[in-house]
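Enquirer: Mind having a look at this structure? Questions to follow.
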Amino acid sequence: MELFKDETIKEYMEYKLANPQNFSWWNYVNIKADLQTALAFAKFYYPEIIEVDNYFLLKDKYNDDLLEKWKVSCQGDKCAVEKMMNLYELKDFFHINVKDDEDSSVQTPILGDILKLFWTMSFKQRFPSRNISVQVYEEWDSMFITVFETE
């Protein structure tokens, strides 16, 4: 299974064309990132979960006040609360480091599909007896990801 075509990342292709015999994604990562970034991505692709009042919540997205507001707004509907608490706009993960010459409208849906794949695998491995659903969808000209438990 190919996650995406090499040509999706223009800069990678430039390096590869300059070094046709010996350039790989591992070389690209070595140029672009450091060990701390790699470790941070491990948490990004395998997010930590907390359970508060029986809600399945992404730890890095959690906020006490927001949970209380969504519990009221969603009338305690567990699935709806989790969908909203865990909702994230994909482009916001990297809004600080956006390159003008890259086509984010192509790359963002690819990121969504990859996150969905890894999150789904990680939740199945950690919570094998639970029905955890990861959804990526487009709305208001933007891509979103969320995770929630179904009965």
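In my numbering, the protein residues as written are 3 to 153. Glycine included, each C-beta is placed from N, C-alpha and C at the ideal position.
Nearest by alpha-carbon distance to G10: which of I52, L113, W121 and D66 is it?
Expert: Reading off the sequence shown, one finds Thr at residue 10, where the question assumed Gly. The shortest C-alpha separation from T10 is found at L113.
Enquirer: Ignoring anything shorter than 3 residues or poking outside the segment 47-125, list the beta strand (DSSP E) runs there in chain order.
Expert: For the segment 47-125, whole beta strand (DSSP E) runs of length 3 or above, ordered along the chain, are 51-54 and 57-60.
Enquirer: Tell me which residue opens and which closes the alpha helix (DSSP H) that N29 is part of.
Expert: W27 to K34 is the span of the alpha helix (DSSP H), which, as asked, contains N29.
Enquirer: Between L68, Y14, L5 and P111, which lies nearest to S144 when the distance is taken from Cα to Cα?
Expert: Considering only alpha carbons, the answer is P111.
Enquirer: Near Y48, what residues of its chain come up, given a Cβ to Cβ distance below 6 Å and the 5 sequence neighbours on each side ignored?
Expert: For Y48, where only same-chain residues beyond five positions count, the Cβ hits under 6 Å are S124.
Enquirer: Q38 by DSSP, collapsed to three states: which one?
Expert: Three-state DSSP puts Q38 in a helix.
Enquirer: Excluding the 5 residues flanking F6 on each side, which residues of the same chain have their C-beta closer than 7 Å to its C-beta?
Expert: Cβ neighbours of F6 beyond the five flanking positions: I112.
Enquirer: When DSSP labels each residue in this structure, what does M145 get in the three-state scheme?
Expert: In the structure shown, M145 sits in a strand (DSSP, three-state: E or B).
Enquirer: On a CA-only basis, which of Q127, P130 and L92 is nearest D115? Give me that one, please.
Expert: The residue with the shortest Cα to Cα distance from D115 is L92.
Enquirer: CB-CB under 7 Å to V83, same chain, minus the five flanking residues each way: which ones, in chain order?
Expert: So the list reads Y57, W72, K73 and C76, once near-sequence residues are dropped.
Enquirer: CB N88 to CB L59, shorter than 8 Å?
Expert: In contact: N88 and L59 (Cβ atoms closer than 8 Å).
Enquirer: Just the Cα atoms here: how many angstroms apart are E140 and Y14?
Expert: Roughly 27 Å between the two C-alpha positions.
Enquirer: Using only CA atoms, which one of L19, A20 and E50 lies nearest to F120?
Expert: It is E50.
Enquirer: In three-state DSSP terms, what is F6?
Expert: Of the three classes helix, strand and coil, the one that applies to F6 here is coil, per DSSP.
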